[in-house]
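Position one of the sequence shown corresponds to residue 6 (our numbering), numbered consecutively onward.
The next block holds one structure in the form of structure tokens; read it before the comments.
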Amino acid sequence: MKTIDLRFTINGAKERVSIPPHRTLLELLRDDLQLIGTKEGCGHGECGACTVMLDGVTVNSCLVLAAEIDGRSVTTIEGLRSGDKLHPVQQAFIDESGYQCGFCTSGVILSTKALLDANPHPSDDEIRQALAGNFCRCTGYTKIFESVQAAAKGLEGDR
Ligand code: FES
Ligand code: FES
């Protein structure tokens, strides 16, 4: 079978793989690298469950060919914590109960991180806009929204 060689950075570590050219980034993460914190919901760009950061920008990993990450940097939910310490966004979602089943949560947290990296003091509308691509079937969004607000406050205290 034809394969392609890729070199990239995943959660701060250099990685090298040889994979079939049609592999998606989502498949690479879950099936080849065992990073199963990234979830597959719809599989075609509608739900945001598979959201990861590619060079600091959120993407739906089900829509990205793994070949596109050659030479680039990917961050998944597994890459947010520092040692045993959760990232402030992760901690805020725990403190504010911003999840129920948790299936959407990795994607929501990464969208939140990307938002707060770019805009530390988002308005309510900007939070809604940033999370518009992340569907949650459980929470009704109120707790998610409160978690993002708490994360912004927590990060402000860290600055
Ligand atoms: Fe990728 Fe739904 S699984 S957007
Ligand atoms: Fe269940 Fe969001 S917490 S889908």
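No residue lacks a Cβ here, since even glycine has one placed at the ideal position from N, Cα and C.
Among the options, nearest to residue i - alpha-carbon criterion
i      : options                          : result
Ile9   : Gly17, Ile15, Ala18 and Thr29    : Thr29
Ala54  : Leu85, Ile114, Phe13 and Glu73   : Ile114
Leu160 : Arg21, His126 and Asn16          : His126
Cys141 : Leu85, Ser152, Pro25 and Gln105  : Gln105
Ile41  : Pro26, Leu91, Lys19 and Gly84    : Gly84
Lys158 : Leu136, Cys143 and Gln96         : Gln96
Gly138 : Ser128, Gly50, Ala71 and Pro25   : Gly50
Asn16  : Gly88, Val153, Leu136 and Cys143 : Gly88
His92  : Leu38, Ala156 and Ile24          : Ala156
Met6   : Asn124, His27, Val69 and Ser152  : His27
Pro25  : Glu73, Cys52, Cys143 and Thr56   : Glu73
Buried or exposed by the 16-neighbour rule on C-beta atoms within 10 Å, applied to residue i
i      : result
Ala18  : exposed
Thr147 : exposed
Original post:
Taking one C-beta from the stretch 70 to 78 and one from the stretch 123 to 143 each time, how about it: are there three or more such pairs within less than 8 Å?
Top reply: The stretch 70 to 78 and the stretch 123 to 143 do not touch, with fewer than 3 CB-CB distances between them shorter than 8 Å.
Original post:
Quick one, what's near ligand 1 if you take every residue whose CB is closer than 6 Å to any heavy atom, in chain order?
Top reply: Glu45, Gly46, Cys47, Gly48, Gly50, Glu51, Cys52, Gly53, Ala54, Cys55, Asn65 and Cys67
Subject >> the stretch 101 to 111 / the stretch 29 to 48 touching (three or more Cβ pairs under 8 Å) >> reply: Yes: at least three Cβ pairs fall under 8 Å.
Original post:
So, do the stretch 119 to 126 and the stretch 64 to 71 have three or more beta carbon pairs nearer to each other than 8 Å?
Top reply: no
Subject >> alpha helix (DSSP H) segments (min. 4 residues) lying fully within the stretch 80 to 114 >> reply: 93 to 100
**OP:** Entirely within the stretch 41 to 86 and at least 3 residues each: give me those beta strand (DSSP E) ranges in chain order.
**Re:** Segments of the beta strand (DSSP E) lying fully in the stretch 41 to 86: 56 to 59, 62 to 65 and 78 to 80.
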